[in-house]
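S.K.:
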Amino acid sequence: MAAEMIDTTADTAPYRLIKALPHTVNGLRAMHIMALAARFNKPTGLSICTYRLPNPRGASDIPILVVRPKNVQRKLPVILHIHGGGYAVGTPYQDLAFMARIMRSVPCVFVAPFYRKSLHHPHPAALDDCRASLEWVSENFAQIGGRPDQIFTMGLSAGGGLVAALAQAARDEDLPKISGQIIIAGMLDDQSEALSDIEPKFVTWSRELNRLAWNKYLSLVDQAPPSLAVPARAASLAGLPPAVGYIGDHDLFLAQNVRYFERLSASGVDTTFEVLPGAYHGIESFAPLSVAGQKADNFIARNLNAWFAEGGA
48 MAAEMIDTTA DTAPYRLIKA LPHTVNGLRA MHIMALAARF NKPTGLSICT
98 YRLPNPRGAS DIPILVVRPK NVQRKLPVIL HIHGGGYAVG TPYQDLAFMA
148 RIMRSVPCVF VAPFYRKSLH HPHPAALDDC RASLEWVSEN FAQIGGRPDQ
198 IFTMGLSAGG GLVAALAQAA RDEDLPKISG QIIIAGMLDD QSEALSDIEP
248 KFVTWSRELN RLAWNKYLSL VDQAPPSLAV PARAASLAGL PPAVGYIGDH
298 DLFLAQNVRY FERLSASGVD TTFEVLPGAY HGIESFAPLS VAGQKADNFI
348 ARNLNAWFAE GGA
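If you count by this note's numbering, then the sequence shown holds residues 48 to 360, one letter each, in order.
Put into C-alpha cells, the structure is as follows:
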C-alpha cells in the first residue's frame, strides 16, 4: 500500500514541470530536450571525457562519457551507468548531478553510454550498445583510471531495466563479469499493473507514457518478448551478480521491483532492497535535496562503499 502523501520537500519545480508534460510522443520528446539541457549545467569538481567506441555489432559508433572526480589520481572502482528515459529518450547528461553527489561520498569512475533510443531504434539496439560498453570498459581500465577486474553496473528506470537485462546477458553469454548491479526503480515488466492508491497528482511516469514507451521499445518483437527485452520475464534469475535496489512507494513500478527482488533473493542472489516512503519516480533527479531524495543517495552510497571495501578499494 502506497503512503498517503509524498514527501512534501519533494514538491519541486522540476517535479511540477515533468508532471505538466503531455503523455504522448511529444511529451517524450520534451523530456529528451530537458535531458539535453543538463549538458549546460554541469556540476563542478568533475573530470568529464567523451569517447567514441566502435560497435562490434555493426551499428554506428557509441558516444560514451567517462566521469570521475577531479584531482583524484588513484585507480577507482568503475560503474557502468545506464540512464533512464523509458528506453525512448534521455542522455547521460541528465544524471551528471546524481553522479557528482555519489562521487562526493564514494570516489569512483562512472562510464555512461549514449545508447540508442527506441523512438528510432527499438530493442535490441539499446542492449547491444550496453553490451559493447561493458566490453569496452573491460578493455580500457588503464585509460579511464579504473581499478582493474571489477565492473559494477547502475541504472535508473529504463536504465535499471537495461542493467537487469545486461546482467542476464553477461551470465549467459561470453561477456565480462559484472561484480554487482544496482537497479533504481527499474522499468522491468511491460505487463505491470497501475497502482490504484497513487493519486494522479503524484505521478511523474504515467500508465499512458509507460504503455507508449513499451510499445516503441518492443515494436520489432513479433511474439512474446524475450527476457532480454523484458527482464521480469526471465525463467531463471539464478547465478546473477549481487543486486541492490530501491523504489519509492509512489512509483508506478513499485510492485514489479518488489517482485523482481523477491525472485532474485529466492534464486540465491545476494540482494539488498528498500522501499522509500514518500518517494515518486525520478525523485533523485527532480528533488535530490528532499528528505526522500537524500535517503535515496545515502542508500546508494552506503551499499557502494560496502561493495568497494570488499574489493579492496
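Positions of the beta carbon are idealized from the N, C-alpha and C atoms, including for glycine.
How would you label N262, buried or exposed, when you count the other beta carbons within 10 angstroms and need 16 or more for buried?
M.R.: Per the 10 Å Cβ criterion, exposed.
S.K.: Excluding the 5 residues preceding and the 5 following S152 in the sequence, name in chain order all residues of the same chain whose CB lies nearer than 6 Å to its CB.
M.R.: A348
S.K.: Ends of the beta strand (DSSP E) at R99?
M.R.: 93-100
S.K.: CA-CA distance, I330 and S312?
M.R.: 26 Å
S.K.: Taking the alpha-carbon positions, what's the V113 to I191 distance?
M.R.: 7 Å
S.K.: Would R115 be called buried (16 or more neighbouring beta carbons within 10 Å of its own) or exposed?
M.R.: buried
S.K.: Ignore the nearest five residues each way along the sequence and tell me which others in L68's own chain have a CB closer than 7 Å to its CB.
M.R.: G74, A77, M78
S.K.: Are there 16 or more other CB atoms within 10 angstroms of the CB of Q238, so buried, or fewer, so exposed?
M.R.: exposed
S.K.: Starting from F346, trace the alpha helix (DSSP H) both ways and give me its first and last residue.
M.R.: 338-357
S.K.: Let me make sure I understand the geometry here. Which of F355, E357, A356, L351 has the alpha-carbon closest to that of E149?
M.R.: Sequence check: residue 149 is Ile here, not Glu. Out of F355, E357, A356, L351, L351 has the C-alpha closest to the C-alpha of I149.
S.K.: Closest to V136 by CA distance: which of D317, M146, P324, Y264 is it?
M.R.: Y264
S.K.: Straight-line CA distance for P154 to A356?
M.R.: 12 Å
S.K.: Out of curiosity, what's the CA-to-CA distance linking A334 and A144?
M.R.: A straight-line Cα-Cα distance of about 11 Å links A334 and A144.
S.K.: So, does the region 217-232 touch the region 175-188, judging by three or more C-beta pairs under 8 Å?
M.R.: yes
S.K.: Could you give the distance in angstroms between the alpha-carbon of L19 and the alpha-carbon of S283?
M.R.: This structure cannot settle anything about residue 19, because the visible part of the chain is limited to 48 through 360.
S.K.: Relative to the C-alpha of I111, which residue among Q303, C177, V250 is closest?
M.R.: Ranking Q303, C177, V250 by Cα distance to I111 puts C177 first.
S.K.: So F199 and P124 are in contact, right, with Cβ under 8 Å, and what is the actual spacing, rounded?
M.R.: 7 Å
S.K.: Hey, L287 and R218 are a contact pair by Cβ (cut 8 Å); roughly how many whole angstroms apart?
M.R.: 6 Å
S.K.: Have a look at R99 and E321 and give me their C-alpha separation to the nearest angstrom.
M.R.: Each residue's CA atom was taken as its position, placing R99 and E321 some 36 Å apart.
S.K.: Within this structure, are the beta carbons of I230 and A290 separated by less than 8 Å?
M.R.: yes
S.K.: Looking at the unbroken beta strand (DSSP E) that takes in R194, where does it start and where does it end?
M.R.: Element bounds for R194: 193-203.
S.K.: Could you give the DSSP three-state label for P278: helix, strand or coil?
M.R.: Looking at P278 - three-state DSSP - the assignment turns out to be helix.
S.K.: Quick one: Cα of A172 to Cα of I126, how far?
M.R.: 21 Å
S.K.: Using CA atoms only, rank isn't needed, just tell me which of A326, G132, L299, N304 is closest to A205.
M.R.: Comparing Cα-Cα distances from A205 to each of A326, G132, L299, N304, the minimum goes to G132.
S.K.: Within 10 Å of its beta-carbon, does R86 have 16 or more other beta-carbons around it, so buried, or fewer, so exposed?
M.R.: exposed
S.K.: Between which two residues does the alpha helix (DSSP H) carrying L143 extend?
M.R.: 143-152
S.K.: Below 7 Å CB to CB, which residues in the same chain sit around L267 once its five sequence neighbours on both sides are set aside?
M.R.: Excluding the 5 residues flanking it on each side, L267 has same chain C-beta neighbours closer than 7 Å at P169, H170, in chain order.
S.K.: Which term fits L235, buried or exposed, when burial requires 16 or more other beta carbons within 10 angstroms of its beta carbon?
M.R.: buried
S.K.: Expressed to the nearest angstrom, what Euclidean distance is found between the alpha-carbon atoms of K89 and E309?
M.R.: 37 Å
S.K.: Along the chain, where does the beta strand (DSSP E) that runs through Q228 open and close?
M.R.: Per DSSP, the unbroken beta strand (DSSP E) holding Q228 starts and ends at 227-231.
S.K.: Exposed or buried, which one is D296 when buried takes at least 16 other CB atoms within 10 Å?
M.R.: buried
S.K.: Going along the chain, which residues of its own chain have a beta-carbon closer than 6 Å to the beta-carbon of G359, five neighbours each way excluded?
M.R.: At G359 the pLDDT is 46, less than 50, meaning the model places this residue with poor confidence; the figure from the coordinates comes in the next sentence. Shown here for G359: not one same chain residue has a beta carbon closer than 6 Å to its own, the five before and five after excluded.
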